[in-house]
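Have a look at the structure below, then the notes.
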Amino acid sequence: PGGTTKTRRPDNTAFKQQRLPAWQPFLTAGTVLPTFFIIGLIFIPIGIGIFVTSNNIREIEGNVFMYYGLSNFYQNHRRYVKSRDDSQLNGDRSALLNPSKECEPYRRNEDKPIAPCGAIANSMFNDTLELFLVANESDPTLMLIPLKRRGIAWWTDKNVKFRNPPGTESLKERFKDTTHPVNWLKPVYELDPEDEDNNGFINEDFIVWMRTAALPTFRKLYRLIERKNDLHPTLPAGRYYLNITYNYPVHSFDGRKRMILSTVSWMGGKNPFLGIAYITIGSISFLLGVVLLVINHKYRNSSNTADITI
Amino acid sequence: ELLEILSFDSVRRRMSVIVRAATGEIYLFCKGADSSIFPRVTEGRVDQIRARVERNAVEGLRTLCVAYKSMAPEEYEAACRLLQTAKVALQDREKKLAEAYEQIERDLILLGATAVEDRLQEKAADTIEALQKAGIKVWVLTGDKMETAAATCYACKLFRRNTQLLELTTKRIEEQSLHDVLFELSKTVLRCSGSLTRDNFSGLSADMQDYGLIIDGAALSLIMKPREDGSSSNYRELFLEICRNCSAVLCCRMAPLQKAQIVKLIKFSKEHPITLAIGDGANDVSMILEAHVGIGVIGKEGRQAARNSDYAIPKFKHLKKMLLVHGHFYYIRISELVQYFFYKNVCFIFPQFLYQFFCGFSQQTLYDTAYLTLYNISFTSLPILLYSLMEQHVGIDVLKRDPSLYRDIAKNALLRWRVFTYWTFLGLFDALVFFFGAYFMFENTVVTSGGQMFGNWTFGTLVFTVMVFTVTLKLALDTHYWTWINHFVIWGSLLFYIVFSLLWGGIIWPFLSYQRMYYVFLHMLSSGPAWLGIILLITVSLLPDVLKKVLCRQLWPTATERTQARNQCLSVEQPTVFMLSQTSSGLSF
Chain L
1 PGGTTKTRRP DNTAFKQQRL PAWQPFLTAG TVLPTFFIIG LIFIPIGIGI
51 FVTSNNIREI EGNVFMYYGL SNFYQNHRRY VKSRDDSQLN GDRSALLNPS
101 KECEPYRRNE DKPIAPCGAI ANSMFNDTLE LFLVANESDP TLMLIPLKRR
151 GIAWWTDKNV KFRNPPGTES LKERFKDTTH PVNWLKPVYE LDPEDEDNNG
201 FINEDFIVWM RTAALPTFRK LYRLIERKND LHPTLPAGRY YLNITYNYPV
251 HSFDGRKRMI LSTVSWMGGK NPFLGIAYIT IGSISFLLGV VLLVINHKYR
301 NSSNTADITI
Chain G
1 ELLEILSFDS VRRRMSVIVR AATGEIYLFC KGADSSIFPR VTEGRVDQIR
51 ARVERNAVEG LRTLCVAYKS MAPEEYEAAC RLLQTAKVAL QDREKKLAEA
101 YEQIERDLIL LGATAVEDRL QEKAADTIEA LQKAGIKVWV LTGDKMETAA
151 ATCYACKLFR RNTQLLELTT KRIEEQSLHD VLFELSKTVL RCSGSLTRDN
201 FSGLSADMQD YGLIIDGAAL SLIMKPREDG SSSNYRELFL EICRNCSAVL
251 CCRMAPLQKA QIVKLIKFSK EHPITLAIGD GANDVSMILE AHVGIGVIGK
301 EGRQAARNSD YAIPKFKHLK KMLLVHGHFY YIRISELVQY FFYKNVCFIF
351 PQFLYQFFCG FSQQTLYDTA YLTLYNISFT SLPILLYSLM EQHVGIDVLK
401 RDPSLYRDIA KNALLRWRVF TYWTFLGLFD ALVFFFGAYF MFENTVVTSG
451 GQMFGNWTFG TLVFTVMVFT VTLKLALDTH YWTWINHFVI WGSLLFYIVF
501 SLLWGGIIWP FLSYQRMYYV FLHMLSSGPA WLGIILLITV SLLPDVLKKV
551 LCRQLWPTAT ERTQARNQCL SVEQPTVFML SQTSSGLSF
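Read top to bottom, the protein sequences are chains L and G. Position 270, counted from 1, in the first sequence is what the UniProt record's numbering calls 270; the numbers after and before it change by one each time, with no gaps. Position 496, counted from 1, in the second sequence is what the UniProt record's numbering calls 496; the numbers after and before it change by one each time, with no gaps.
Structure follows, in structure tokens:
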């Protein structure tokens, strides 16, 4: 009927008739059991490896990292996190003189724009920590441990994200017509007068502080203690003297400060959580595998008899 | 010469024509259903023809009676005038026409009867049997006589040889009152079923008594008639109770409006079942419109039914694949779509909520705004979209072969509160794993080999990465039909996430007012513990669901799962068991 009328029959292609070739898996005990055992067999050794590595971080050999830690300090507060101007910190001249509105109320002071603006910069940690080794019991002279202040920030932060305003003049000249943040004693171009490459916005202490921490209890890298050579340990056993120039007030918000010394392995600092977690999950997985094997065995016999359904 | 046509209507079930013969005589010829012709006949071999008609009906033929009378010219004039006034009446035209027809069509002489064999469509019996096995109650609503309809029902396997037929017809109601008949029937039906639940009815077991109900239009109108003493609702309840315990119901001599009435009655009965009405003629339109799903068969009787329906199919047999295959697929797909959407958004938002406890409730977001925006649009949208277009949890031929699999999705099984709660709790569990897993990893420790610290954006990106991978892999575990398209969208979405993250944090984008994501993703990937943590958290999140699936399949398998297992084990065709039995009635199968 209707030889010339167009037929409305759908195409008989594999796609339109839902006949595409397909792999049709479904999870049975048979497929999942080996997976559970494999997970168990892989995770447990990894966990043990991580745990051992983590626990071995106690010999003070190799590079030693010195951190300052703060508690009850909410660097992750929303108003705080957004209070910065990344263009200004990237060296943009127009942003230098006209900071972003996000920095309010730390945007202008005494009718001049603040550089660097914002609450994060304003609350920069400014205690100074010095470490001394008491040479021996009889001799009370203190030996200053050399603390390296370079290499503590992310390489990309230091070299790409944070840039001083361009120009050939001195740093002080480049920052004229701006003022320092309200809570700072020195302006930003005096953060490290000895090292031009660590002054201004690219000061590594400043960069480290500007990377807002995720949780209210955090630590930030302060200094590196490089190892001298393979023969001597970096920090030999003995008594040490920590000298703190206390500038940073934390009492008002019930905060706490501390100093942490740590060595670091390929997986970072001391972190038992990961190792324990791997061991736990591996064991659970293995256990589940065994349980499933038992259940499967019990039911395999009953399912082997033919199902008589009509 | 054709003078007048007294057109057909379904209430009076006949039509007439008035013609003038070559000789000048005027005749009125009338044809219609026997119940509407016989009362108007005064002459003719009534008893003989009535017996003949009955026999035809029992054999399943559709019968008509034909009668005539000759009209004198004055009679014709009077009739003409009557018709004319009725036709141009401004008010109550229908009623006036009906009265006119009533006046004219009387004192007829019976000519005879015709019988037409209305062949069943091919595979109609097969379709009805499949639907019943699927747990779908099949009712036949027809305008035919009871005998014709009953014969047709036997032919299409709606009634089987061991089906006990219960009658709620005018004949019985004349003998006893409606009240008595209803009570008697309900007692018969409930006596046998008792505590047995009809839902487990397998369809072919020989020991359970099978009931079929036959009701005709007059009886139905008696039941539906509103009464002053309020007993009509009781009658309706009784009627529905009887129907619930019958495997099939035949309603004959139904006017089109009554078909709609009965559909409505079932729709609003206690269990609120979903109703589907299928028909091919104009007299089925009202029930097609009334039911939840109306299907029109594009047939020889024109396109009225198809035009008014939700779906139109060329043949009745297509209903089987439509319901058992396509309907089943669509349900599986849609229920997974709904559940998965809630699940992945619980996974998405709950870590944000948890973070508030650690950021002074300042509404600081855990993830960067780009991730917030693109999560539902780009990273997790295509996999579920293609799943809901392509998924086939069992093969098409398996579904066609085994209609009882349809029962697995009966009563909205996959969208009940219980299932939804499971998905929600899974989402909450996964969110807790993501967040606290990252928290304990980050808490007060360093995770890079250079000793440098991560910030809050790296923390959020870690949680987000684990989340995107987990929800996508969860969908991958749920997918049972992996075409190349599924592979493409699932692995492609993950790849897109990675590429996007690399690009987003790879450059100082000039149009952005903030550069907080610069190098964050890459820096995270350069940390060994971050990788280990991601792998661990994804595994922990997916483990409970896999365990639940395997345990449920092992300990409480649904029929579908049993079929899947059987299809895997057996490579040989299942043996079929034939049951032979003697037939005692005159009908043949």
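We put the CB at the ideal spot given by N, CA and C, even for glycine. Owing to the predicted nature of the structure, the values given are computational and were not obtained by experimental measurement.
| query | result |
| --- | --- |
| Contact under 9 Å by Cβ, G/Y375 with G/F348 | yes |
| Beta-carbon proximity list for G/T197, same chain, < 6 Å, skipping 5 on both sides | Any reading at G/T197 must be qualified, since the residue scores a pLDDT of 47, below 50, and its modelled position is unreliable; the value itself is stated next. Excluding residues within five positions, none has a Cβ falling inside 6 Å. |
| L/T263 (DSSP reduced to helix, strand or coil) | strand |
| Chain-ordered neighbours of G/F440 on chain L, where CB pairs are closer than 7 Å | F273 |
| Members of the stretch 528 to 547 of chain G near chain L, C-beta cut-off 8 Å | G528, P529, L532, G533, L536, T539, V540, L543, V546 and L547 |
| Secondary structure of G/M517, DSSP reduced to three states | coil |
| Helix, strand or coil at L/N164 according to DSSP, with G and I counted as helix | coil |
| Classification of L/Q75 by the beta-carbon crowding that lies within 10 angstroms, buried from 16 upward | buried |
| Residue range of the alpha helix (DSSP H) that includes L/F125 | No alpha helix (DSSP H) contains L/F125, which DSSP labels as neither H nor E. |
| Contact list for G/G296 against chain L, beta-carbon separation under 9 Å | Per Cβ cutoff of 9 Å: no residues; G/G296 is ~15 Å from chain L at best. |
| Residue-chain proximity (L/S262, chain A), Cβ-Cβ < 9 Å | The structure shown contains no chain A; the protein chains it does contain are L and G. |
| L/T141 - DSSP class collapsed to helix/strand/coil | coil |
| Exposure label - G/C552; buried when at least 16 CB within 10 Å | exposed |
| Alpha helix (DSSP H) runs contained entirely in the stretch 312 to 383 of chain G, provided each spans 4 or more residues | 318 to 321, 328 to 356 and 369 to 374 |
| Residue range of the alpha helix (DSSP H) that includes G/C80 | P73 to K87 |
| Host beta strand (DSSP E) of G/F159 (start-end) | Premise fails: G/F159 is in no beta strand (DSSP E) and is neither H nor E. |
| G/V53 versus G/I288 - alpha carbon distance | 31 Å |
| Span separating the alpha-carbon of G/Q564 from that of G/N412 | 21 Å |
| Inter-residue spacing [alpha-carbon to alpha-carbon] between L/N126 and G/L415 | 59 Å |
| Which residues DSSP lists as bridging G/L166, in chain order | G/L213 |
| G/V116 versus G/R81 - alpha carbon distance | 36 Å |
| Segments of 4+ residues assigned as alpha helix (DSSP H) that fall wholly inside the stretch 20 to 88 of chain L | 29 to 55 and 78 to 81 |
| Sub-9 Å separation of G/P529 and L/L221 beta-carbons | no |
| G/L204 to G/A134 span [Cα, whole Å] | Confidence is the limiting factor: at G/L204 the pLDDT is only 43, short of 50, which leaves the residue's position unreliable, though a coordinate-based value still follows. One C-alpha to the other measures close to 12 Å. |
| CB contact flag (G/E391, G/F488, <9 Å) | no |
| Simplified DSSP assignment, three categories, for G/K31 | strand |
| Residues of its chain near G/D408, where Cβ-Cβ distance is below 6 Å and the 5 sequence neighbours each way are ignored | T558, A559 and T560 |
| Cβ of L/R19 within 9 Å of any chain G Cβ | yes |
| Sequence-distant residues of its chain with Cβ nearer than 8 Å to G/L426 (five each side left out) | Y343, P544 and D545 |
| Distance, L/M259 Cα to L/V64 Cα | 13 Å |
| Range of the contiguous beta strand (DSSP E) that encloses G/M453 | No beta strand (DSSP E) contains G/M453, which DSSP labels as neither H nor E. |
| Endpoints, the beta strand (DSSP E) within which G/E4 is located | L2 to D9 |
| Where L/Q24 meets chain G, residues with beta-carbon distance less than 8 Å | Q392, G395, H480, Y481 and W482 |
| Contacting residues, own chain, Cβ-Cβ under 6 Å from G/S541 (five flanking each side not counted) | D430, V433 and T470 |
| Within chain L, the residues that G/R303 reaches when beta carbons sit closer than 7 Å | Near G/R303 there are no residues of chain L at all, since even the closest Cβ is about 13 Å away, more than 7 Å. |
| Three-way DSSP call (helix, strand, coil) for G/W482 in this model | strand |
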